[in-house]
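Worksheet: the structure to be examined is printed underneath.
There are 2 protein chains.
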Amino acid sequence: MKEITSQQQRVLDCIQIYLKKTGFPPTRADICKELGFKSPNSAETHLRALEKKGFISIESGASRGISVNDQNNSFGGDEYPVIGLVAAGSPTLAEENIERTINCPKSFFESGFDYFLKVRGLSMKDAGIMDDDLIAVKKTTDVKNGDIVIARLDDEVTVKFFNRKSSNIVELEPANEDFENIVINLESEQLHIEGKSVGLLRRN
Amino acid sequence: MKEITSQQQRVLDCIQIYLKKTGFPPTRADICKELGFKSPNSAETHLRALEKKGFISIESGASRGISVNDQNNSFGGDEYPVIGLVAAGSPTLAEENIERTINCPKSFFESGFDYFLKVRGLSMKDAGIMDDDLIAVKKTTDVKNGDIVIARLDDEVTVKFFNRKSSNIVELEPANEDFENIVINLESEQLHIEGKSVGLLRRN
DNA sequence: TATTATACTGTACATATATTCAGTATTTTT
DNA sequence: AAAAATACTGAATATATGTACAGTATAATA
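This is the structure:
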């Protein structure tokens, strides 16, 4: 996906707002009216540019034949697996670990995510993460201090705050006074960061 | 919403499938092609019937000006409003109170829901409800003890545990030791139950 | 420096499209 | 039994709309 200019972004926004408001795409004239252009060709050229860059598709000849390609398009959710956080064993996407799937849009959580992790226990209760909550996990090893991470120590998987104390020392901090910090010396122990939490879903 | 006939249902399905596939509504001719009609007027009369019964809206004069009035829309997701929980003022669906909308399937929370409420403050923190969390609210007055309810006292809206002590006494209980129970005598005070929480959404 | 992309106005026109009118027939409602 | 709704075909038409062509101007790129 190539770079978008500010004017093209305005046109793209206009299309999506119009779609949301009316339920169908705008005409060239509609876009002109909305953005103050005085020639339908202004809209036309922007649409062509947006199509060339891959942001939209245009059905030739069809009136209002504009469709927004994509990722921040609300239509068409995907199935995301729900993985149980068992005391031992990594949260892999192997079929036997998938409890069920949940359908929701890709962009449901800001930065995108890969699966839901079902939380066991209350070690993160002060962070508002309760038993049976589903954490939206984005697979990444790029985590910062303060991030809620899904970490694996040997075969044990836990959800904790990440805190790098020094180049070799990482602390995994629970959000519950009944639990103790886990201090890991990277020289002597293996720490796998499976991903980080980008959201939470609770169903009563 | 009146009864729909089987042919009208076919037309409605056709519109939704076309929308999902192309991103914009069909023309009369498109519907005919899809369903085997030989006259555009066949589609037209069905559309008029669907509009009369409230299933769709038609923008007069606009090409492809069909929008599906989706309350029980089984296709794709729906747009749910996010309403800010201001200290004073009821959570109405008036446009000025809607911060934005979130697209997700109707059945995303078990029993269905009507809108998201953005929580302010930490009065329910021990129930895992944090500042800025979005509560999925189902509009109902049918609440049981222990339910997390959205209640209105005068113009103040709060989220609390519901606990009916006797026929006239209701307690609204926070989940935070820094807050006090609210005891309401229904004979002297007005209590409005806006709905109850059926889920929670948090986006980091 | 030449070229391409961006960002417009303005006019024109073929066609895509909504929409009306005229019929026919069956079913449902009043 | 009459009226209205449903379910179509078929033709006609005004207009809504995409789209090409002719310009002007500035910024970015090669």
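For the record, the sequence lines run as chains A and B. Following UniProt numbering, the numbering of the first sequence begins with 1 at its first residue and continues without gaps. Following UniProt numbering, the numbering of the second sequence begins with 1 at its first residue and continues without gaps. By construction, the Cβ of each residue, glycine as well, lies at the ideal position given by its N, Cα and C atoms.
Looking at the unbroken beta strand (DSSP E) that takes in S57(B), where does it start and where does it end? I56 to I58
Using beta carbons (cut-off 8 Å, strictly below), is R202(A) in contact with chain B? yes
Can you tell me whether R48(A) is buried or exposed? The criterion is at least 16 other CB atoms within 10 Å of its CB, across all chains shown. Of the residues assessed, R48(A) falls on the exposed side of the cut-off, its CB having fewer than 16 other CB atoms within 10 angstroms.
For S60(A), which of V68(B), D13(B), H192(B) and T22(B) has the nearest alpha-carbon? T22(B)
Could you work out which residues of chain A lie near V198(B), taking near to mean beta carbons separated by less than 7 Å? N204
So for F108(A), helix, strand or coil by DSSP? helix
On the DSSP letters alone, give me the boundaries of the alpha helix (DSSP H) that R10(A) sits inside. S6 to T22
Apart from the five residues on each side of it in sequence, which residues of its chain come closer than 7 Å, Cβ to Cβ, to I193(A)? T141, V143, V149 and A151
Kindly list, in the order they appear in chain B, the residues whose Cβ is closer than 7 Å to that of N103(A). P105
Closer than 8 Å to chain B by CB, R13(A): According to the sequence as given, residue 13(A) is Asp; it is not Arg. Residue-level contact by beta carbon fails for D13(A) and chain B, as no gap is shorter than 8 Å.
For E171(A), which three-state DSSP category applies? strand
So the candidates are L153(B), E189(B), D178(B) and G112(B); which of them puts its Cα closest to the Cα of N168(B)? E189(B)
With a cut-off of 8 Å, do at least 3 Cβ pairs link the stretch 33 to 42 of chain B to the stretch 9 to 21 of chain B? Enough Cβ pairs lie closer than 8 Å, so yes.
Near F179(A), what residues of its chain come up, given a Cβ to Cβ distance below 7 Å and the 5 sequence neighbours on each side ignored? So the qualifying residues of the chain are S123.
Going by the beta-carbon positions, is the gap between N103(B) and P25(A) smaller than 8 Å? no
Where does V86(B) sit, in a helix, a strand or coil, going by DSSP? Note that V86(B) scores a pLDDT of 46, beneath 50, so its modelled location is shaky; the value from the coordinates is reported in the next line. Three-state result, V86(B): coil.
Is there a Cβ of chain B sitting closer than 8 Å to that of S63(A), yes or no? Yes, contact with chain B.
Residue range of the beta strand (DSSP E) that S67(A) falls in? I66 to V68
Note down, in chain order, each residue of its chain lying with its Cβ closer than 7 Å to the Cβ of R164(A), except the 5 sequence neighbours on either side. N145 and V170
At 9 Å on the CB atoms, spell out the chain B contacts of F108(A), in chain order. I102, N103, C104, L201 and R203
Alpha helix (DSSP H) segment containing I31(B), residue limits: R28 to L35
What do you reckon, are the CB atoms on I83(A) and K118(A) nearer than 8 Å? yes
Quick check: the Cα distance between G199(B) and G128(B), rounded to an integer number of angstroms? 11 Å
Roughly how far, in whole angstroms, is the beta-carbon of V159(B) from the beta-carbon of I135(B), given that I think they are within contact range, below 8 Å? 6 Å
At what residues does the alpha helix (DSSP H) containing residue 213(A) begin and finish? Outside the displayed span of chain A (1 to 204) sits residue 213(A), for which this structure offers no information.
Cβ of T5(A) less than 8 Å from any chain B Cβ? no
With DSSP run on the structure shown, which of helix, strand or coil describes K125(B)? helix
Note the first and the last residue of the continuous beta strand (DSSP E) segment covering S63(A). No beta strand (DSSP E) holds S63(A); DSSP gives it neither H nor E.
In chain order, what residues of the same chain have a beta carbon less than 6 Å from the beta carbon of N181(B), not counting five sequence neighbours either side? E171 and E173
Nonlocal neighbours in the same chain, by C-beta distance under 6 Å from E51(A), ignoring five residues either side: I58
Rounded to the nearest angstrom, how far is the Cβ of S42(A) from that of I56(A), given a contact under 8 Å? With a Cβ gap of about 16 Å, S42(A) and I56(A) do not count as contacting.
For P40(B), does the three-state DSSP call read helix, strand or coil? Looking at P40(B) - three-state DSSP - the assignment turns out to be helix.
Could you name the residues of chain B that K125(A) contacts, counting a contact when the two beta carbons are closer than 8 Å? D126 and G128
G112(A) classed as buried or exposed, judged by whether at least 16 other C-beta atoms fall within 10 angstroms: exposed
Applying the 10 Å Cβ sphere with the 16-neighbour rule, what's the burial state of D155(A)? Taking a 10 Å sphere around the C-beta of D155(A), we find fewer than 16 other C-beta atoms and assign the residue as exposed.
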